[in-house]
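Peer 1: Numbering (the numbering used here), first residue to last: 5 to 155.
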């Protein structure tokens with residue numbers, strides 16, 4: 005009987021440690037590391053916003069986004085909820101959008117900048133008109149390089 009009483013605190017500690025371990029997770033969905041480059045007419049596209057928009061029928065898959073650097077390279081992140089964004093993209097099928105910063109109205113501080121002509125065709129800016137797509141595979145080599153050309 006004494007052994008059972010002594011075992012209770014140890015069991016309680018194990019249960020509490022398991023609960024703490026579960027509580028310390030990131031809270032985000034499982035994601036895959038996704039990177040790549042964007043070029044237009046052979047040149048890197050800098051300061052572009054790239055979006056991975058889930059195709060219809062994937063209600064559990066969240067959109068992912070990233071921004072290119074001066075060499076046209078990007079890495080995706082997935083917005084989960086306010087205050088929580090995780091690295092990578094969820095596995096699934098996506099339409100890919102590309103919008104170059106400054107190509108649409110944007111607000112900097114309190115000042116709105118006028119429309120600028122997009123250096124890449126605007127068909128890539130909308131998930132309905134883009135011809136770009138990607139299939140993010142679980143555990144796969146998820147590198148997507150996009151070479152954009154004028155229509």
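Idealized CB from N, CA, C, for every residue including glycine. Nothing here was measured: the structure is a model prediction, and the numbers come from that model.
Which residue wins for smallest C-alpha separation from residue 75, given the options 63, 41, 59 and 89?
Peer 2: Residue 41 is the option with its Cα nearest to residue 75.
Peer 1: If the criterion is Cβ atoms closer than 8 Å, does the pair residue 101 and residue 134 meet it?
Peer 2: Result yes, Cβ atoms of residue 101 and residue 134 sit closer than 8 Å.
Peer 1: Give me the Cβ distance between residue 52 and residue 104, rounded to the nearest whole Å; I'm assuming they're in contact under 8 Å.
Peer 2: The pair is a contact, with the Cβ atoms about 5 Å apart (cut-off 8 Å).
Peer 1: Where are the beta strand (DSSP E) runs, 3 residues long or more, that stay fully inside the segment 47-92, in chain order?
Peer 2: Listed in chain order, the complete beta strand (DSSP E) runs (minimum 3 residues) inside the segment 47-92 are 52-58, 68-71, 77-79, 81-85 and 88-91.
Peer 1: Hey, would you say residue 45 sits closer than 8 Å to residue 153, going by beta carbons?
Peer 2: Yes.
Peer 1: Buried or exposed: which applies to residue 145, given that a residue is buried once 16 or more other Cβ atoms fall within 10 Å of its Cβ?
Peer 2: By the 10 Å Cβ count, residue 145 comes out exposed.
Peer 1: Exposed or buried, residue 122, counting other C-beta atoms within 10 Å across all chains shown (16 or more means buried)?
Peer 2: It counts as buried.
Peer 1: Could you tell me the alpha carbon to alpha carbon distance between residue 59 and residue 66, rounded to whole angstroms?
Peer 2: So the alpha carbons of these two residues sit roughly 10 Å apart.
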